[in-house]
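Residues 1210 to 1293 in our numbering are what the sequence shown lists, from first letter to last. Structure first, commentary second.
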Amino acid sequence: MAGINKVILVGNLGAKPEVKYASNGNAIANLSVATSESWTDKNTGQKQEKTEWHRVSVFGKLAEIAGQYLDKGSKVYVEGKLQT
């Protein structure tokens, strides 16, 4: 059976995208995306929140568009795959 490598993130940018260009001229944008979840602690009744930070890279025309239109605090929807 084949595996599945799919990620969906909905969050906010922690900084303006950092756009660089590879030696072949292709754009690469690095994004810092924060996702948060909140809940009420059953024992204390206190509201709790946890934020996770994700490093995301986008390439080509999408990278150029991200650099042009996105800014710190922008809400983003990211769909892709994990790669190390």
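Every residue gets a Cβ at the ideal spot worked out from N, C-alpha and C, and that includes glycine.
Taking the beta carbon of residue i as the centre, do at least 16 other beta carbons fall within 10 Å, making it buried, or is it exposed?
i       : result
Ala1211 : exposed
Leu1291 : exposed
Gly1276 : buried
Lys1272 : Strictly speaking, residue 1272 in this sequence is Ala, with Lys absent from that position. Burial call: buried.
Val1267 : buried
Are the beta-carbon atoms belonging to residue i and residue j less than 8 angstroms from one another?
i       : j       : result
Asn1239 : Ser1283 : no
Gly1223 : Ser1241 : yes
Glu1261 : Thr1249 : no
Asp1280 : Lys1215 : no
Apart from the five residues just before and just after residue i, which ones in its own chain have a Cβ nearer than 7 angstroms to its Cβ?
i       : result
Tyr1286 : Val1219
Which one of the options has the shortest CA to CA distance from residue i?
i       : options                               : result
Gly1289 : Glu1258, His1263 and Asp1250          : His1263
Ile1274 : Asn1235, Lys1256, Thr1253 and Gln1255 : Asn1235
Thr1293 : Val1265, Lys1256 and Glu1227          : Val1265
Gly1269 : Gly1254, Val1228 and Gln1255          : Val1228
Excluding the five sequence neighbours on either side, which residues of its own chain have a C-beta within less than 8 angstroms of the C-beta of residue i, listed in chain order?
i       : result
Tyr1231 : The amino acid at residue 1231 is misidentified as Tyr; the sequence shows Ala. Counting only Cβ-Cβ distances below 8 angstroms, and skipping sequence neighbours, we find Ile1237.
What are the boundary residues of the beta strand (DSSP E) that residue i is part of?
i       : result
Gly1289 : Lys1284 to Gly1289
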